[in-house]
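To keep things clear, I will list the structure first and then write my remarks on it.
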Amino acid sequence: MIKAGKIKKEQKKMAKNIFFAAALMVVITYIITTPVASAVEKIPILLYHNIKEVIQADEDLLLNITPRNFSLHLETLKKNGYNTISFNEYYEYIEKSKPLPSKPIIISFDDGYISNYFYAYPMLKRSGMKATIFVVTSRMGAKVNDGVVYEHFSWKEAIEMQDSGIIDIESHSDTHRDMSNSSISDMQFEMRRSKYLIEKNMDKECNIFAFPYGGNTLEAHNLGKNAGYKVLCLLGDAKASNYKNGIVTLQRITISGDWTGAQLLKAIGEN
Ligand SMILES: [Zn+2]
Numbered sequence: 138m139i140k141a142g143k144i145k146k147e148q149k150k151m152a153k154n155i156f157f158a159a160a161l162m163v164v165i166t167y168i169i170t171t172p173v174a175s176a177v178e179k180i181p182i183l184l185y186h187n188i189k190e191v192i193q194a195d196e197d198l199l200l201n202i203t204p205r206n207f208s209l210h211l212e213t214l215k216k217n218g219y220n221t222i223s224f225n226e227y228y229e230y231i232e233k234s235k236p237l238p239s240k241p242i243i244i245s246f247d248d249g250y251i252s253n254y255f256y257a258y259p260m261l262k263r264s265g266m267k268a269t270i271f272v273v274t275s276r277m278g279a280k281v282n283d284g285v286v287y288e289h290f291s292w293k294e295a296i297e298m299q300d301s302g303i304i305d306i307e308s309h310s311d312t313h314r315d316m317s318n319s320s321i322s323d324m325q326f327e328m329r330r331s332k333y334l335i336e337k338n339m340d341k342e343c344n345i346f347a348f349p350y351g352g353n354t355l356e357a358h359n360l361g362k363n364a365g366y367k368v369l370c371l372l373g374d375a376k377a378s379n380y381k382n383g384i385v386t387l388q389r390i391t392i393s394g395d396w397t398g399a400q401l402l403k404a405i406g407e408n
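The sequence shown begins at 138 in this note's numbering and counts up one residue at a time.
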């Protein structure tokens, strides 16, 4: 008789303990999964293009930066506590409230120049940082005598960078056409073909699209969504990061190659 009463008491105690353990788990899960970053709109996205040892007077500083200054920018970001994330991480944060590190920032490159492979990739690797490169799929491996201004990296190099986990390769159209004055069928072609080629050649999903020349229209926005993109990237330094109708549009800060660390931080702060 004594035994039966004791067992009941033990069972009650156990149930109580289980209840407290479960409650504690709920609290811990809440703390772990609650995003650190407070406002989605505040994640800065930097836009670089080519990296070059010597920039000539007639070369555009909005398209070129020296390896030395790029390295200085990375150091500045690191010293100031910024943590680089991918667009997919940003999207998961928006869609599923997946947590992000403190002071998240995105580094992106447009066009797919081989200098990204030679300079940016190893520098990012050394700094423990990551970036996204938006490639023009018809120009993969293109040399200067193929009609491009600067040489582009190949699919082989793209795969090597992607596999490292440091670089994410996404789409910047197939032929670098300005979408703001293109026909619907041309826009569709650019968005669908580049996505198809990246997915086929790299055995990965391609969910992010960056408009060449930043040219974006409402039509292009809808076509992007229909082509299967989750995020569309624009140019411009405005704050606007827009999430509507199941697709995100993001503005990027175009970096000038001559910016000092202080100027970079100022542009990020104003964004
Ligand atoms: Zn471009």
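For each residue, glycine too, the CB sits at the ideal point set by N, CA and C.
Predicted model only: the values in this text are computed from it and were never measured.
### Query
Is it the case that the Cβ atoms of G398 and L209 are separated by a distance below 7 Å?
The sequence position of residue 398 within the sequence shown is 261, counting from 1. The sequence position of residue 209 within the sequence shown is 72, counting from 1. Yes. Within cutoff.
### Message
So the candidates are L200, N217, E226; which of them puts its Cα closest to the Cα of D247?
### Response
Position 110 of the sequence shown, counted from the start, is the residue given in the question as residue 247. Closest by alpha carbon: L200.
### Task
Give the DSSP-derived three-state secondary structure of A174 in the structure shown.
Counting from 1 along the sequence shown, the entry for residue 174 is found at position 37. Confidence at A174 is low in this model, with a pLDDT of 41, below 50, so the placement of that residue should be treated as unreliable; the coordinate-derived value is given next. Coil at A174, not helix or strand.
#### Entry: Cα-Cα separation, D305 to S223
Here residue 305 refers to the residue found at position 168 when the sequence shown is read from its first residue. Here residue 223 refers to the residue found at position 86 when the sequence shown is read from its first residue. Those two C-alpha atoms are separated by around 7 Å.
### Query
Sorry if obvious, but does the Cβ on D197 come closer than 6 Å to a heavy atom of ligand 1?
In the sequence shown, the residue the question calls residue 197 occupies position 60. Incorrect: D197 has no Cβ contact closer than 6 Å to ligand 1.
#### Entry: Under the three-state DSSP convention, the category I222 falls into
Within the sequence shown, the letter at position 85 stands for residue 222. Coil, per DSSP.
### Task
Name the one or two DSSP bridge partners that D247 has.
Start at 1 with the first residue of the sequence shown, and residue 247 comes out as number 110. Note: D247 sits in a beta bridge opposite F271.
### Task
Note down the Cα distance separating M266 from I392, rounded to an integer number of angstroms.
Taking the sequence shown and counting its residues from 1, the one referred to as residue 266 is at position 129. Taking the sequence shown and counting its residues from 1, the one referred to as residue 392 is at position 255. Taking the straight line from one Cα to the other gives about 18 Å.
### Message
Here's the rule: buried if 16 or more other CB atoms are within 10 angstroms of the residue's CB, otherwise exposed. What is T170?
### Response
Locating residue 170 in the sequence shown gives position 33, counting from the first residue. Residue confidence is low: T170 scores 44 on pLDDT, short of 50, so the model does not pin down where it sits. No coordinate-derived value is stated.
### Query
Heavy atom of ligand 1 less than 6 Å from the Cβ of P181, yes or no?
Residue 181 sits at position 44 when you count from the first residue of the sequence shown. No.
### Query
Heavy atom of ligand 1 less than 6 Å from the Cβ of D311, yes or no?
Within the sequence shown, the letter at position 174 stands for residue 311. Checking the Cβ of D311 against ligand 1 gives no.
### Message
I believe A268 touches F207 by the beta-carbon criterion, under 8 Å. Please report the beta-carbon distance rounded to the nearest angstrom.
### Response
Within the sequence shown, numbered from 1, the residue matching residue 268 stands at position 131. Within the sequence shown, numbered from 1, the residue matching residue 207 stands at position 70. Actually they are not in contact, since the Cβ atoms of A268 and F207 sit about 11 Å apart, beyond 8 Å.
### Task
Determine the direct distance from the alpha carbon of S275 to that of A174, and round the result to whole angstroms.
Taking the first residue of the sequence shown as 1, we reach residue 174 at position 37. Taking the first residue of the sequence shown as 1, we reach residue 275 at position 138. Bear in mind that the predicted position of A174 carries a pLDDT of just 41, short of 50, making it too unreliable to give a figure here.
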